[in-house]
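Residue 201 in the working numbering sits at position 220 of the sequence shown, with consecutive numbering throughout.
Using N, Cα and C, we set each Cβ at its ideal position, and we do this for glycine too.
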Amino acid sequence: MRRLFAVPLVGVAFAAAALLAPAAASADSASTLTVVGTSDVSDSGLMPNLIQPQFHAAFPQFTFKYTGTATGTAITNAETGVGTPSVLIVHAASLENQFVANGFSDEPYGRAIFTNDFVLAGPAADPAGVGTAGGSNNIVAAFEAIATAGNAGNVTFVSRGGTPGTTVEEHQIWALVAANNPPASLNLCQVSAAAGGGDTPVSLASGLNGQMCTGSNGLPNPGDLPAWYVTTGDTQGPNVVAANNCSGFTTPANTCYVLTDRGTYDYLAAGSDPAGTIPNLSIVTRNDSASAPGGADLLVNYFHAYIISPSKPGEAVNLTAAQDFVNFLTSPALQSQLKTYLDDTNDTGGAPFVADASPGLTATGFPSLDQAGVPVTVTGTLTNSQPGFPNLANQTVSIDEIVAGLPVAVASGTTNSTGAYNIKFTPTSSGSYQASTGQIAQIENSSLNPVFGDLLSPSATAPVAMSVQGGVTIASATPGNGSVTVAGTLTPAAPDANATVTLLARPVSSTGAYTQIGSASLAAGAKSFSVSAPLAKGLWQLEVSYADPGQLTAGTATSDVIVSSAGSAVGFSKLTLKKGKLTLKGTISPAPTSNGSKVELLATKAGSAKKFPVIAHKTLASGATKFTITVKLKRGHRWLLQLEYIPANSKAVFSKLRTIAVH
């Protein structure tokens, strides 16, 4: 490209033809990647300055080559295997649809990658009177003014000719001119659908006006073109340079106009290329108004990338490298860098390339804290980032929780006709939540035959931290003698084995802090709980707290309870004596909650000064409230008896004294 810009005008067409001529090339191997596509991305510097070095840094295993040419030529080369490309980048929907319909795309459609916009550049003096004719934001009016001035011998329109994406766009504009009371001096012929459709100027002498163009390729024969309409066959950059030089045409210097993409125009106008700049050109038409023929989106320039199908005859596709490349083009990392490329030029329109690989997605309604079991409603919109294309209706939007760095879908919904959605879900754990979409296949232009569609890459909103508070209800709070047992239900079920229920208490009359008196660990999936704890006699307010670190923040429930007595108790219920053999029946409370508790019988002769020795004992099972002890006592004495209840993991308690005479 740099060499082409440096050559004199007479050599531009020859040099461009040499660039476009098929060159001998070996098939892509496992270590090479060849991409063929529109010259817009190379002549704007986007490919050599941003995409290629970034891709090489990310995938150094591939030797990368990009061939920039006309969109129609690039598509033909992709279909025939000329240059053995693996990926195609183009910008002409009415040609791309045929590439897809003929089975040359490895995916259902091409991937949307970015847009820029078409602009009309011409001399600052504006000899065609584009501005006077109201063409500053109306490309149809601008073309009509140029055609009128051209037929008067005052200006030249420099077209690339053939089927580049820019020329296909130009043909659509001329077709709008034909439908919008064209100048009487302008004749137009219809371009075939195979060549992208639309209209193009022809001379009055051609005898064509509204009829099909008669060239073998669906375009006009070169001899049918009017003198003011010149086709160069150049790629984008050299064609703009030819218009800037405006030499060798029927009109003098500073009388040439050219339709181009703004990326290429900005790159040349900024003097970024050592070959020179385009000082004789200014943008005279851009950003069509909504009321202009074709509407506000007529000049949007849509770019798509295709993985060439390796199953077609003559193709030698490095499928792995091709997939890596189109994924790289649509990645957030590369897409985010487009907004800074050429943004520092003198063009007030901002950065010319606009990311559009993923749809715009919004989400509102994620609370910072949600009560367990309470549904959350998230609303938002899914917007097609390609202006002028249809709304994203009937598309699936998911609500994801980020788990170990990966999104896990927890709910989903469908967009309505405007792209809006409303999703209700009940979160089961604290975490980061987002809205997301998968890849979307979208019909963008159903009026074309075959229809034109594209693939939009997945989109996601920024994750939002949301805490879920565990829900707990107290079904029962049962007091015992010096204890309490609380049971209830949990919402949601315990997420894992780290969940716990904690039992706390404070006097009913107190406003102070609760004191923990017991706790219980929960099994994963537990939906209910029961926890017991010792509690002194009195009127108590209980609080149960349910939490799971990192999963659920603590949720609480309270209940009042009256505890009738403090501590454990043991007592005699019946004494039976026969021939010196004592059978003792007794009771304990509360019942032991585990094995290991025991009751000991202490006895001494009445009047003896000795301490009570243990003369018998009984080991208790969990849940026992009664016991029996049998023991021999020496006859002829009165005995003093006492029971000692020793609960497992608690203090011992003693019964009242009993006496019995043994005869």
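Using the beta-carbon count (16 or more within 10 Å), is residue i buried or exposed?
| i | result |
| --- | --- |
| V121 | buried |
| H644 | exposed |
| S117 | buried |
| I264 | buried |
| A480 | buried |
| D98 | buried |
| I569 | buried |
| A2 | Only weak support is given to the placement of A2: the predicted model assigns it a pLDDT of 34, under 50, and the question is left unresolved by the model. |
| Q192 | exposed |
| G567 | buried |
| N225 | buried |
| A528 | buried |
| G177 | buried |
| L240 | buried |
| V267 | The sequence shown places Arg at residue 267, rather than the Val named in the question. R267 comes out buried. |
| N190 | exposed |
| G64 | buried |
| A5 | Here A5 scores only 40 on pLDDT, less than 50, and its place in the model is too uncertain to base an answer on. |
| G434 | buried |
| Q42 | exposed |
| T128 | The amino acid at residue 128 is misidentified as Thr; the sequence shows Ala. It is buried - the Cβ of A128 has at least 16 other Cβ atoms within 10 Å. |
| I361 | Per the sequence shown, the amino acid found at residue 361 is Gly instead of Ile. By the 10 Å Cβ count, G361 comes out buried. |
| K591 | exposed |
| A59 | buried |
| A223 | buried |
| P201 | buried |
| I424 | exposed |
Beta carbon of residue i, beta carbon of residue j: below 8 Å?
| i | j | result |
| --- | --- | --- |
| R92 | V307 | yes |
| L471 | V453 | yes |
| G419 | P388 | no |
| S513 | S464 | yes |
| T216 | A106 | no |
| A538 | A504 | no |
| D351 | Q497 | no |
| N462 | S540 | no |
| T364 | G346 | no |
| A416 | A336 | no |
| T585 | P594 | yes |
| A302 | L14 | yes |
| F510 | S636 | no |
Name the DSSP bridge partner or partners of residue i?
| i | result |
| --- | --- |
| P182 | L169 |
| C227 | C227 pairs with nothing; no bridge assigned. |
| V281 | D98 |
| H618 | V643 |
| M28 | Answer is none; M28 lacks a bridge partner. |
| Q79 | Per DSSP, none; premise fails for Q79. |
| W209 | Bridge partners of W209: none, in fact. |
| S511 | A468 |
| F138 | Y210 and Y238 |
| R92 | A286 and L436 |
| H598 | E581 |
| V221 | None, per the DSSP bridge assignment. |
| V525 | L484 and A538 |
| E60 | For E60, which the question treats as bridged, DSSP gives no partner whatsoever. |
| G632 | The residue you asked about is not Gly; residue 632 is Lys in the sequence shown. In DSSP, K632 forms no bridge with anything. |
| K405 | T358 |
| E382 | V389 and Y414 |
Please look up how many angstroms separate the CB atoms of residue i and residue j, rounded, as I've assumed it's under 8 Å.
| i | j | result |
| --- | --- | --- |
| R243 | P333 | 4 Å |
| G412 | Y402 | Not really, about 21 Å apart at Cβ, beyond 8 Å. |
| P340 | L436 | In fact, because the Cβ distance is near 11 Å, the residues do not count as touching under 8 Å. |
| S187 | N168 | 7 Å |
| Y47 | S23 | 6 Å |
| V149 | G179 | 7 Å |
| G561 | K613 | 6 Å |
| P66 | I289 | 6 Å |
| D305 | F40 | 6 Å |
With a threshold of 8 Å between beta carbons, is residue i in contact with chain C?
| i | result |
| --- | --- |
| G567 | Chain labels in this structure do not include chain C; a single protein chain is all it has. |
contact_flag[the stretch 81 to 99, the stretch 33 to 48] where n(CB pairs < 8 Å) is 3 or more:
no
Does the pairing of the stretch 579 to 598 with the stretch 620 to 637 give three or more beta-carbon distances under 8 Å?
Remark: three or more beta-carbon pairs, one from each stretch, lie closer than 8 Å, so the stretch 579 to 598 and the stretch 620 to 637 are flagged as touching.
Give a yes or no on contact between the stretch 290 to 303 and the stretch 129 to 138, applying the rule of three or more CB pairs nearer than 8 Å.
no
Under 8 Å, with one C-beta from each stretch per pair, do the stretch 389 to 404 and the stretch 519 to 534 reach the 3-pair mark?
no
For the pair the stretch 71 to 79 and the stretch 55 to 63, tell me if three or more CB-CB distances fall below 8 Å.
Contact between the stretch 71 to 79 and the stretch 55 to 63 is present: 3 or more CB-CB pairs across the two stretches fall below 8 Å.
How do the stretch 313 to 329 and the stretch 368 to 379 stand: do at least 3 beta-carbon pairs fall below 8 Å, yes or no?
Flag = no, the stretch 313 to 329 and the stretch 368 to 379 do not touch.
The stretch 228 to 235 touching the stretch 268 to 275, judged by at least three CB pairs closer than 8 Å:
no
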